[in-house]
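Chains as they are written, first to last, in our numbering: chain A, 6 to 273; chain B, 6 to 273. First up is the structure itself, then whatever we jot down about it.
Number of protein chains: 2
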Amino acid sequence: PATVLVFGNEKGGSGKSTGSMHVIVALLRLGFKVGSIDLDMRQWTLTRYLSNRAGTMKNDGISMPMPVHVFLSRSDKPNRQEAEAEDRQRFEAVLKKLRSECDFVLIDCPGTDTYVGRLATGYADKLVTPLNDSFVDLDMLANVDGQTGEIIKPSVYSEMVWEARKQKAARDGGTLDWIVMRNRLSSLAARNKQEMERVVGLLAKRIGFRVAPGFSERVIFRELFLRGLTMLDVFEIGDSGKPQLSHVAARQEVRGLLNSLQLPNRIP
Amino acid sequence: PATVLVFGNEKGGSGKSTGSMHVIVALLRLGFKVGSIDLDMRQWTLTRYLSNRAGTMKNDGISMPMPVHVFLSRSDKPNRQEAEAEDRQRFEAVLKKLRSECDFVLIDCPGTDTYVGRLATGYADKLVTPLNDSFVDLDMLANVDGQTGEIIKPSVYSEMVWEARKQKAARDGGTLDWIVMRNRLSSLAARNKQEMERVVGLLAKRIGFRVAPGFSERVIFRELFLRGLTMLDVFEIGDSGKPQLSHVAARQEVRGLLNSLQLPNRIP
Ligand SMILES: Nc1ncnc2c1ncn2[C@@H]1O[C@H](COP(=O)(O)OP(=O)(O)OP(=O)(O)O)[C@@H](O)[C@H]1O
Ligand SMILES: Nc1ncnc2c1ncn2[C@@H]1O[C@H](COP(=O)(O)OP(=O)(O)OP(=O)(O)O)[C@@H](O)[C@H]1O
Ligand SMILES: [Mg+2]
Ligand SMILES: [Mg+2]
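Okay, structure coming up:
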């Protein structure tokens, strides 16, 4: 069945939906069949991005590859346990269906701790965690001592991933490959960047994840949202004349991320 | 009693905790007595920032102004209604106490839809909503048509603020002054910036908020988190030699934000 890619990080605004959309389109452009699930049952950023894409296709009379997309709504049962049981049943049914039909299933998690977010992480073959280049974001992975720069202890999100790994192993003996992708890297700010690189490298060994090169801070990653496009689309649909230098660099960053995910070799 | 400032936006990572901390320190440095409440009952970013500050004071043997800080924990009652009743009772008791003791009470909300976040917004005299300079973030305030650039309808967060305004008016006839602060403004990317400026300006009139100048993308806004400092502290505690140009510009942005909040004139 399909490889399950989960974009997760409880820290809000780290780049989960942006990363999800770019990886979805990159896999589609390689010819794979992709399923996607939006678990952010209030913001719907990925769902909105895809519906903007459908709007552009209709409006401009063009065709672009689209994933098989599903968004779930929250159970409204007043009792927490009954609501969670219903959320689980809906999620597992959708995941089973998409895994049987697609090469890859990509899940975008909300930027907060939710029952379905934890559940989905326990099904991940690959977990991709975008991280702003900031010690504020790092704080969700581990507490770092402000005076010495040493790692004190893993924090709530890392502990959740540890639980998800155990669940997965117990269910089907599977493993979870955890990749942290640095996002919105600034072209300046050398000192902060180096210090983050050092601590993220230490943390990778200690709590068991790999570090991917990630994306720089580039306006192209966000300015096409309303039209549902990514820089992987603009050249193909003849939208933007000669490819600009920043588009080329951004496309390379998406390709770099895809390579670092080390996805299983499939023939589209 | 105190003026209540709420930093809120359901969009994750827009800059609520960063904005909160800088406004807290700016008010403290003006000599005001400030209370603060962290409603992000899982990430605790503001609480972590302040505990790092206390760590630096202890470690370096220096003294810096501190707010009267409270963090609440979530009720664990299994029934949603009972849990909300307990959350409300705790929050209202803390708010009442801080309002009687302080000049300003500042509340940092989580980046998601929570019962206490909505409750706190209904007590705001000033609501400050940081916004990344991105149509992805704007989507939480209003749905914009990707083809025409027109505003289709206000979205979930704006509707929540509308409800909160009604609640406040019904409770004590008070009004809520809503300020949207643009955050992480890039020094490049003119086209996206202008387009955002245009749409945010239209939206301000339509759904009733004011736009504050806000903060640029500057590493100084995030690199002092582990030591619990802001650029308003470094010169006072003799930490960084000659003030650097970027520090001066960042301090001016904080002062600009404080001015645009139009806080009631109080003598510290
Ligand atoms: N590499 C990048 N360059 C420029 N802007 C970016 C980049 N990555 C993300 N952004 C912007 O940063 C903001 C946060 O990104 P996004 O919404 O994808 O994060 P998220 O983790 O999905 O957030 P949430 O926690 O709310 O779900 C958005 O305004 C987005 O447009
Ligand atoms: N003006 C700025 N310049 C540079 N970095 C910033 C700026 N404002 C915020 N950041 C960084 O952006 C990220 C998000 O900011 P912050 O955590 O304050 O947002 P938030 O809205 O409180 O997030 P959450 O929704 O998770 O509570 C952090 O990594 C922070 O360091
Ligand atoms: Mg998202
Ligand atoms: Mg926060």
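Built from N, CA and C at the ideal position, the CB exists for glycine as well.
Query, Result
"Quick one: what does DSSP say F109 (chain A) is sitting in, helix, strand or coil?", "strand"
"Pop quiz: L100 (chain A) and Y128 (chain A) are said to be a contact at Cβ under 8 Å. What is the actual Cβ separation, rounded to whole angstroms?", "6 Å"
"Counting C-beta neighbours from all protein chains within 10 Å, is the total for M116 (chain A) 16 or more, i.e. buried, or is it exposed?", "In the sequence on display, residue 116 (chain A) carries Gly and not Met. By the 10 Å Cβ count, G116 (chain A) comes out buried."
"When you compare only the Cα positions, how much space is there between R95 (chain B) and L77 (chain B)?", "8 Å"
"So is the beta-carbon of D142 (chain B) under 6 Å away from any non-hydrogen atom of ligand 1?", "yes"
"Shorter than 7 Å from the beta carbon of T117 (chain B) to some beta carbon of chain A?", "yes"
"Could you check the C-alpha separation between A98 (chain A) and E91 (chain A) for me, to the nearest Å?", "11 Å"
"In three-state terms, what does DSSP make of T8 (chain B)?", "strand"
"Please list, in chain order, all residues with a C-beta atom less than 5 Å from at least one heavy atom of ligand 4.", "B:K21, B:S22 and B:T50"
"So the beta strand (DSSP E) G213 (chain A) belongs to, where does it begin and stop?", "It is not in any beta strand (DSSP E) - G213 (chain A) carries neither H nor E in the DSSP assignment."
"Following a CB-centred definition, is F220 (chain B) positioned closer than 6 Å to any heavy atom of ligand 2?", "yes"
"Who are the near neighbours of D142 (chain B) in its chain, counting only those whose CB is closer than 7 Å to its CB and skipping five residues on each side?", "K16, S19 and L136"
"Would you kindly work out how many angstroms separate the C-alpha atoms of S80 (chain A) and R123 (chain A), rounded to a whole number?", "16 Å"
"Given a cut-off of 7 Å on the beta-carbon distance, is the pair H27 (chain A) and V259 (chain A) in contact?", "yes"
"Since D177 (chain A) is in the alpha helix (DSSP H), which residue starts that stretch and which ends it?", "V161 to D177"
"Can you tell me whether F12 (chain A) sits near ligand 2, meaning its C-beta is under 6 Å from at least one heavy atom of the ligand?", "no"
"What runs of the alpha helix (DSSP H), each 4 residues or longer, lie entirely inside the stretch 27-107 of chain A?", "50-65 and 85-106"
"Span of the beta strand (DSSP E) holding G254 (chain A)?", "According to the sequence provided, residue 254 (chain A) is Ala. The question's Gly does not apply to it. Counting along the chain, A254 (chain A) falls outside any beta strand (DSSP E), though it belongs to the alpha helix (DSSP H) covering L250 to S265."
"Enumerate in chain order the residues of its own chain whose CB-to-CB distance from K158 (chain B) is below 6 Å, with the five nearest sequence positions on each side excluded.", "N148"
"DSSP on I272 (chain B), reduced to helix/strand/coil?", "coil"
"If you follow the beta strand (DSSP E) that M186 (chain B) is part of, which residue opens it and which one closes it?", "D182 to N188"
"Please list, in chain order, the residues of the stretch 65-83 of chain B that have any C-beta partner in chain A closer than 8 Å.", "P83"
"Take the Cβ of D150 (chain A) as the centre, count every other Cβ of all protein chains shown within 10 Å, and call the residue buried at 16 or more, exposed below.", "exposed"
"Three Cβ pairs or more, each shorter than 8 Å: is that satisfied between the stretch 232-241 of chain A and the stretch 160-169 of chain B?", "no"
"Once you ignore the five residues that flank M69 (chain A) on each side, which residues in its own chain have a CB closer than 7 Å to its CB?", "R58, M62, D238 and I242"
"Is the beta carbon of D118 (chain A) within less than 6 Å of some heavy atom of ligand 3?", "no"
"Going by beta carbon distance, what residues of the same chain come within less than 7 Å of R93 (chain B), once the five residues before and after it are set aside?", "L124"
"Buried or exposed: where does A175 (chain B) fall if 16 or more other Cβ atoms within 10 Å of its Cβ makes it buried?", "exposed"
"Could you compute how far the alpha carbon of S22 (chain A) sits from the alpha carbon of G60 (chain B)?", "35 Å"
"Mind the definition here: the stretch 220-227 of chain A touches the stretch 188-202 of chain A only if three or more C-beta pairs lie below 8 Å; say whether that holds.", "yes"
"Below 8 Å CB to CB, which residues in the same chain sit around E89 (chain A) once its five sequence neighbours on both sides are set aside?", "S80 and Y120"
"Counting only the same chain and skipping the five closest in sequence on each side, list residues whose C-beta sits under 6 Å from that of A169 (chain A).", "T126 and G127"
"Just checking my contact of G213 (chain B) with W183 (chain B) at CB under 8 Å: how many whole Å lie between their CB atoms?", "6 Å"
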